[in-house]
Amino acid sequence: MRIRVRLSTVATTAIATALLLTGCSSTPAEKLEDWWSSGGESRVKGLSDTASQVNAVSMRPMDVWSTTCQELLAEVGKAKKLDTIPSENARGFWTEALTAFEHGGNECVDGAAKKDEPRASEGIREVQKGIGRLASAMSLIRSDLQAK
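So for the sequence shown, our numbering puts the first residue at -3; every next one is plus one.
So this is what it looks like as structure tokens:
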């Protein structure tokens, strides 16, 4: 009988510890709020600011495009280091935005380095698509945070 009680206590303790470690008690809104406050907000702002700069420099000579596109790529790298966004609603748009920024930024940098304006311009157009995806993700994130 004593062994059975000890095994039961050990099993209960193990389950309770696992639940605490995995955070099963967190609601989706709480998880999103944690993601937002632990880097999500600053990454969204960084992506938005640098993508807007890429859009703005597209009207200037091509020799300034590369630097701004490299800054965007650096922001994408920081955003990719975040945990997966906990909002199922926003996750697709977030992923599409990062993909567009990364692909477009790389095309912009490579095109500008090779003086290939059509390629660099195509990269900037891809970044512009990413701006729309990021805006959609932000709208859904705001909605999910307000639903809390």
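All C-beta atoms in this analysis are idealised placements derived from N, C-alpha and C, irrespective of residue type, glycine included.
Owing to the predicted nature of the structure, the values given are computational and were not obtained by experimental measurement.
Between the alpha carbons of Thr38 and Trp32, how many angstroms are there, rounded?
The sequence shown places Ser at residue 38, rather than the Thr named in the question. One C-alpha to the other measures close to 8 angstroms.
Using only CA atoms, which one of Asp45, Cys104, Glu92 lies nearest to Lys125?
Glu92
Nearest residue (CA-CA) to Asn102, options Leu43, Glu84, Leu69:
Leu69
Can you tell me whether Pro82 is buried or exposed? The criterion is at least 16 other CB atoms within 10 Å of its CB, across all chains shown.
buried
Across the segment 105 to 124 and the segment 43 to 62, are there enough close Cβ pairs to call them in contact, namely three or more that are closer than 8 angstroms?
yes
Comparing alpha-carbon positions, which option in His99, Ser54, Pro24, Arg138 lies nearest Thr80?
Pro24
Is it buried or exposed, Glu113, if we count other Cβ atoms within 10 angstroms and call 16 or more buried?
exposed
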